[in-house]
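K.L.:
Could you have a look at this structure, given as structure tokens, before my questions?
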Amino acid sequence: MSPIEVRLQMSYPEFTVSADLTLPGSGITALFGPSGSGKTTCLRCIAGLEKAEQGFIRVHGEVWQDSENGVFLAPHKRAIGYVFQEASLFAHLSVRANLEFGLKRIPRPQRRIELQQATELLGIDHLLERLPDKLSGGERQRVGIARALLT
Numbered sequence: 001m002s003p004i005e006v007r008l009q010m011s012y013p014e015f016t017v018s019a020d021l022t023l024p025g026s027g028i029t030a031l032f033g034p035s036g037s038g039k040t041t042c043l044r045c046i047a048g049l050e051k052a053e054q055g056f057i058r059v060h061g062e063v064w065q066d067s068e069n070g071v072f073l074a075p076h077k078r079a080i081g082y083v084f085q086e087a088s089l090f091a092h093l094s095v096r097a098n099l100e101f102g103l104k105r106i107p108r109p110q111r112r113i114e115l116q117q118a119t120e121l122l123g124i125d126h127l128l129e130r131l132p133d134k135l136s137g138g139e140r141q142r143v144g145i146a147r148a149l150l151t
């Protein structure tokens, strides 16, 4: 698979975020660094939730942002899952129902992973009948990751 190319620059009063990344086009990649170093800003730009003042993002050969040429692909047109730091789960639905909610819009032949695979991978299969308020913060975040993988 083609790599993900990210070149961003954003200025804030106290600091500048500058990223020059070439990431693998498949698999799992982690961004890590000290608090306030721009990790979330970079991810929000890739997801299309923020627009870098100067930036270029290409995913699998498709340009998602190019500030020089006025290109900015809307977030809903980007084939990417994004898990917010605080996973927003439906409080009235069980973990299973939260996960199944997103699956409804994806035809079975187009699914990349099944619910059971995602829950086993993330170690949350024993939580399926719980409501979100009965989960720890880490458990809620893993449910959010499973939801992103499923959709």
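Here the sequence shown is numbered in full-length UniProt numbering, starting from 1 and rising by one per residue.
Glycine residues also receive a C-beta, built at the ideal position from the N, C-alpha and C atoms.
#1: Going by alpha carbons, who is nearest to residue 3 out of 30, 59, 130?
#2: Note down the Cα distance separating residue 79 from residue 128, rounded to an integer number of angstroms.
#3: Quick check on residue 58: does DSSP put it in helix, strand or coil?
#4: Which full runs of the beta strand (DSSP E) of 3+ residues lie inside the segment 23-69, going along the chain?
#5: Looking only at its own chain, which residues have a Cβ that is under 6 Å from the Cβ of residue 56, when we skip the five neighbours before and after it?
#6: By alpha-carbon positions, which one of 37, 39, 61, 71 ends up nearest to residue 53?
#7: Exposed or buried, residue 142, counting other C-beta atoms within 10 Å across all chains shown (16 or more means buried)?
#8: Cα separation between residue 10 and residue 33?
#9: Can you give me the C-alpha to C-alpha distance between residue 145 and residue 131, rounded to a whole angstrom?
P.N.:
Judging by the given coordinates:
#1: Counted from its first residue, the sequence shown places residue 3 at position 3. Comparing Cα positions, the closest option is 59.
#2: Looking up residue 79 in the sequence shown gives position 79. Looking up residue 128 in the sequence shown gives position 128. When rounded, the separation of the alpha-carbon atoms in residue 79 and residue 128 is 26 Å.
#3: Residue 58 sits at position 58 when you count from the first residue of the sequence shown. Of the three classes helix, strand and coil, the one that applies to residue 58 here is strand, per DSSP.
#4: Runs of the beta strand (DSSP E) inside the segment 23-69: 54-59, 62-66.
#5: Here residue 56 is taken as the residue at index 56 of the sequence shown, counted from 1. Here the set comprises 7, 66.
#6: For the purposes of this step, residue 53 is identified with residue 53 of the sequence shown, where counting begins at 1. The candidate whose alpha carbon is nearest that of residue 53 is 71.
#7: Taking the sequence shown and counting its residues from 1, the one referred to as residue 142 is at position 142. That one is buried.
#8: Indexing the sequence shown from 1 puts residue 10 at position 10. Indexing the sequence shown from 1 puts residue 33 at position 33. Straight-line Cα distance between these residues: approximately 17 Å.
#9: Against the sequence shown, residue 145 aligns to sequence position 145. Against the sequence shown, residue 131 aligns to sequence position 131. Cα to Cα, the separation comes out at about 16 Å.
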